[in-house]
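Worksheet: the structure to be examined is printed underneath.
Protein chains: 2
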Amino acid sequence: MRGSVDAALAEFFASRREITAAVGGEFQTAAGRLEDFVLRGGKRMRPLFAWTGWLGAGGDPDGPTAGAVLRMCAALELVQACALIHDDIIDSSDTRRGFPTLHVDFARKHRESDWHGSAAEFGAAAGILLGDLALAWADDMVRESGLDAAATTRIAPVWSAMRTEVLGGQFLDITSEVRGDETIDAAMRVNRYKTAAYTVERPLELGAAAAGAAAELIAAYREFGTDIGIAFQLRDDLLGVFGDPAVTGKPSGDDLREGKRTVLFAAALAAADAGDPAAASLLRASIGTDLSEAEVTRLREVFIRLGAVEEVERRITELCERARTALDRSSATGQAKRLLGPMVVAATARTF
Amino acid sequence: MRGSVDAALAEFFASRREITAAVGGEFQTAAGRLEDFVLRGGKRMRPLFAWTGWLGAGGDPDGPTAGAVLRMCAALELVQACALIHDDIIDSSDTRRGFPTLHVDFARKHRESDWHGSAAEFGAAAGILLGDLALAWADDMVRESGLDAAATTRIAPVWSAMRTEVLGGQFLDITSEVRGDETIDAAMRVNRYKTAAYTVERPLELGAAAAGAAAELIAAYREFGTDIGIAFQLRDDLLGVFGDPAVTGKPSGDDLREGKRTVLFAAALAAADAGDPAAASLLRASIGTDLSEAEVTRLREVFIRLGAVEEVERRITELCERARTALDRSSATGQAKRLLGPMVVAATARTF
Numbered sequence: 072m073r074g075s076v077d078a079a080l081a082e083f084f085a086s087r088r089e090i091t092a093a094v095g096g097e098f099q100t101a102a103g104r105l106e107d108f109v110l111r112g113g114k115r116m117r118p119l120f121a122w123t124g125w126l127g128a129g130g131d132p133d134g135p136t137a138g139a140v141l142r143m144c145a146a147l148e149l150v151q152a153c154a155l156i157h158d159d160i161i162d163s164s165d166t167r168r169g170f171p172t173l174h175v176d177f178a179r180k181h182r183e184s185d186w187h188g189s190a191a192e193f194g195a196a197a198g199i200l201l202g203d204l205a206l207a208w209a210d211d212m213v214r215e216s217g218l219d220a221a222a223t224t225r226i227a228p229v230w231s232a233m234r235t236e237v238l239g240g241q242f243l244d245i246t247s248e249v250r251g252d253e254t255i256d257a258a259m260r261v262n263r264y265k266t267a268a269y270t271v272e273r274p275l276e277l278g279a280a281a282a283g284a285a286a287e288l289i290a291a292y293r294e295f296g297t298d299i300g301i302a303f304q305l306r307d308d309l310l311g312v313f314g315d316p317a318v319t320g321k322p323s324g325d326d327l328r329e330g331k332r333t334v335l336f337a338a339a340l341a342a343a344d345a346g347d348p349a350a351a352s353l354l355r356a357s358i359g360t361d362l363s364e365a366e367v368t369r370l371r372e373v374f375i376r377l378g379a380v381e382e383v384e385r386r387i388t389e390l391c392e393r394a395r396t397a398l399d400r401s402s403a404t405g406q407a408k409r410l411l412g413p414m415v416v417a418a419t420a421r422t423f
Numbered sequence: 072m073r074g075s076v077d078a079a080l081a082e083f084f085a086s087r088r089e090i091t092a093a094v095g096g097e098f099q100t101a102a103g104r105l106e107d108f109v110l111r112g113g114k115r116m117r118p119l120f121a122w123t124g125w126l127g128a129g130g131d132p133d134g135p136t137a138g139a140v141l142r143m144c145a146a147l148e149l150v151q152a153c154a155l156i157h158d159d160i161i162d163s164s165d166t167r168r169g170f171p172t173l174h175v176d177f178a179r180k181h182r183e184s185d186w187h188g189s190a191a192e193f194g195a196a197a198g199i200l201l202g203d204l205a206l207a208w209a210d211d212m213v214r215e216s217g218l219d220a221a222a223t224t225r226i227a228p229v230w231s232a233m234r235t236e237v238l239g240g241q242f243l244d245i246t247s248e249v250r251g252d253e254t255i256d257a258a259m260r261v262n263r264y265k266t267a268a269y270t271v272e273r274p275l276e277l278g279a280a281a282a283g284a285a286a287e288l289i290a291a292y293r294e295f296g297t298d299i300g301i302a303f304q305l306r307d308d309l310l311g312v313f314g315d316p317a318v319t320g321k322p323s324g325d326d327l328r329e330g331k332r333t334v335l336f337a338a339a340l341a342a343a344d345a346g347d348p349a350a351a352s353l354l355r356a357s358i359g360t361d362l363s364e365a366e367v368t369r370l371r372e373v374f375i376r377l378g379a380v381e382e383v384e385r386r387i388t389e390l391c392e393r394a395r396t397a398l399d400r401s402s403a404t405g406q407a408k409r410l411l412g413p414m415v416v417a418a419t420a421r422t423f
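Going down the list, the protein sequences come from chains A and B. Take the first sequence: its letter number 178 is residue 249 in the numbering used here, and every next letter is one higher. Take the second sequence: its letter number 210 is residue 281 in the numbering used here, and every next letter is one higher.
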């Protein structure tokens with residue numbers, strides 16, 4: 072499946088070469104950079120969920136519409152390219168998928184070429200425009216996927232909702248951070264729209280809509296997708312503080328340093344406010360600051376002592392149970408249940 | 072026409088309220104800001120050209136498809152909103168349409184709310200995400216316009232080309248500036264894609280495609296649109312250096328201060344390199360610097376003396392003549408010819 076997604080994306084990029092060559096110059100080169108960025112990888116989770124949603128609704132992988140559905144699924148990677156490229160500018164991130172982020176790469180090119188003006192500003196400008204291009208091309212790829220008119224009509228509202236929701240979730244995320252939102256509700260809202268709807272719920276629904284699934288199956292997918300998507304994010308939040316950097320690939324505690332308003336943090340703060348003013352002060356004074364390793368270790372102990380870790384684990388278990396029930400009771404095909412089941416396990420499993 | 076475009080946009084924004092309210096919080100407020108930005112104005116040039124292209128190909132303003140075509144035309148304003156919002160971040164512009172730019176407005180809100188972190192970075196982040204939202208919504212608005220399947224199929228490649236071309240043109244523009252491109256060819260390429268294709272050529276073609284116009288009329292529109300679009304930009308370049316700030320609304324000479332690589336500048340440089348090394352040095356030393364009013368006055372004299380103004384005027388005349396011939400010879404309706412004709416005059420006319 073991953074190979075087929077890559078092939079569909081490569082074919083799409085090839086189809087854009089005529090127009091990028093016509094515009095020419097540095098734009099042609101830059102479009103090649105975008106292609107490298109997309110084809111270089113990622114886990115292809117969203118196409119995988121969309122494809123599984125389609126299979127689970129009876130889609131035939133050897134049937135005549137499979138190619139068109141695959142292209143529609145692959146287009147999700149172009150939305151994701153926009154989200155990552157723009158997010159990396161917003162977060163001032165330097166690396167992505169083991170390579171320099173796109174804006175950092177263009178800033179480097181500016182410096183090496185001894186161009187005029189600010190290298191950082193040029194890098195950001197290039198990243199903004201290439202993210203826009205990825206977003207515009209995502210729509211082109213769906214439109215040119217070859218889905219028939221009826222399927223196109225069915226997926227349209229899902230595609231539309233997904234894009235608005237992920238941008239909405241990102242917007243809530245940046246405002247939560249600067250406002251210093253402290254409630255579990257605010258953190259859950261970001262998880263819901265930035266992660267769950269965009270990564271699992273809407274992709275599954277897209278696949279189901281392409282297959283013309285019944286409303287009952289779509290409702291089950293959406294419940295499964297929301298719950299599993301949020302559970303994933305909660306697990307990710309725990310790993311961000313307690314994970315082994317050798318496994319997670321990023322320094323433990325970075326979420327705290329960046330001031331990320333996670334459910335874990337909100338739960339700890341709620342507990343501290345209820346009975347441990349010293350811990351509450353420590354948490355508020357620590358978030359978003361350049362914490363040492365020793366300070367992160369101390370915060371880990373505080374999270375455990377306040378019961379915040381337990382609280383998040385409890386939520387994960389509950390979400391996974393609900394997701395499994397929704398899946399089991401649904402009319403999804405046995406194959407889809409076999410594919411989606413392990414996701415529940417993956418979300419539940421501790422890897423620290 | 073302008074009122075109808077505004078009404079269609081207002082109706083579209085109203086249709087997004089359900090989902091922005093569901094995501095909620097600051098996102099809902101921010102979506103309102105985007106709506107204000109779009110409804111506050113602009114000349115609606117692109118919808119106007121698209122609508123005129125449709126009329127000229129026989130579209131019936133009282134017929135059953137007029138409403139759908141109007142919505143498709145109005146969607147161009149959402150692409151334009153993305154272009155303006157992102158351009159203002161890229162250019163660090165503070166004002167737009169007489170109001171603070173969107174990113175400046177969000178930075179102000181950050182400061183007034185006493186939020187954490189950098190106000191400027193928050194403003195840019197908000198602007199990036201709202202520009203993305205406008206771009207995604209532009210596609211939604213076309214998809215939901217109500218155009219029939221055949222018309223949708225006809226406009227798809229035009230819509231797709233237009234978005235890639237404008238992003239390509241913007242990309243060439245930012246690279247030309249940092250590279251200090253000196254050729255007329257490089258400047259013309261930016262004019263072609265960033266301005267002409269996006270503002271006139273493709274909008275006219277979109278309207279024609281919606282009407283199912285013959286290939287001959289589409290070719291005539293494209294020639295007219297490219298020529299008039301470039302002529303407009305050349306006139307704008309002249310006004311940027313010689314225009315009366317009271318008329319143009321921006322300080323004269325700002326193009327020079329910003330280091331914009333216009334055809335006017337490239338023509339002056341080519342003439343200077345051919346026989347006036349002192350003028351060439353002056354031009355290269357002046358571009359992109361914080362010029363005084365006296366220095367701008369001196370550069371104006373240099374542009375005139377080198378024949379660059381004459382050269383640009385000659386190009387404008389030539390482009391307008393060619394555009395008029397293409398229009399006159401085309402099968403466009405008399406009404407469309409009457410509407411498009413004055414454009415030629417407007418592009419030719421000096422306003423300084």
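Glycine included, each C-beta is placed from N, C-alpha and C at the ideal position. Remember, predicted model here, so these are calculated numbers, not experimental data.
Terminal residues of the alpha helix (DSSP H) in which residue i lies
| i | result |
| --- | --- |
| Arg-234 of chain B | 220–250 |
| Glu-215 of chain A | Taken as a continuous stretch (DSSP letters only), Glu-215 of chain A belongs to no alpha helix (DSSP H), as it is neither H nor E. |
| Asp-347 of chain B | Neither: Asp-347 of chain B is in no alpha helix (DSSP H) and is coded neither H nor E. |
| Tyr-292 of chain A | 286–313 |
| Ala-394 of chain A | 379–400 |
| Gly-278 of chain B | 273–282 |
| Ile-358 of chain B | Careful: Ile-358 of chain B lies outside any alpha helix (DSSP H) and carries neither H nor E. |
| Pro-316 of chain B | 316–319 |
DSSP-derived helix/strand/coil call for residue i
| i | result |
| --- | --- |
| Pro-171 of chain B | strand |
| Gly-74 of chain B | helix |
| His-157 of chain B | helix |
| Ile-255 of chain B | helix |
| Glu-329 of chain A | coil |
| Lys-114 of chain A | coil |
| Ser-184 of chain A | coil |
| Arg-421 of chain B | coil |
| Thr-136 of chain B | coil |
| Asp-107 of chain A | helix |
| Asp-131 of chain A | coil |
| Gly-202 of chain B | helix |
| Ser-86 of chain A | helix |
| Pro-322 of chain B | coil |
| Gly-405 of chain A | helix |
| Gly-95 of chain A | coil |
Per DSSP, the bridge partner or partners of residue i
| i | result |
| --- | --- |
| Thr-166 of chain A | A:Pro-171 |
Environment of residue i [buried if 16+ CB atoms lie within 10 Å]
| i | result |
| --- | --- |
| Lys-321 of chain A | exposed |
| Ile-23 of chain A | As displayed, chain A neither begins before 72 nor continues past 423, which places residue 23 of chain A out of reach and without an answer. |
| Pro-132 of chain B | exposed |
| Glu-82 of chain A | exposed |
| Asp-185 of chain B | exposed |
C-beta atoms of residue i and residue j nearer than 9 angstroms
| i | j | result |
| --- | --- | --- |
| Cys-144 of chain B | Val-76 of chain B | yes |
| Ile-299 of chain A | Leu-410 of chain A | no |
| Met-233 of chain B | Val-140 of chain B | no |
| Ala-302 of chain B | Ala-394 of chain B | yes |
| Met-116 of chain B | Thr-270 of chain B | yes |
| Lys-331 of chain B | Gly-314 of chain B | no |
| Ala-351 of chain A | Ala-379 of chain A | no |
| Ala-196 of chain A | Ile-358 of chain B | no |
| Ala-403 of chain B | Tyr-292 of chain B | yes |
| Phe-120 of chain B | Gly-296 of chain B | yes |
| Arg-87 of chain B | Ala-102 of chain B | yes |
| Thr-222 of chain B | Leu-147 of chain B | Reading off the sequence, residue 222 of chain B comes out as Ala, not Thr. No, the pair does not count as a contact, with Cβ atoms beyond the cut-off. |
| Gly-96 of chain A | Gly-278 of chain A | no |
| Ile-156 of chain B | His-157 of chain A | no |
| Val-249 of chain A | His-187 of chain B | yes |
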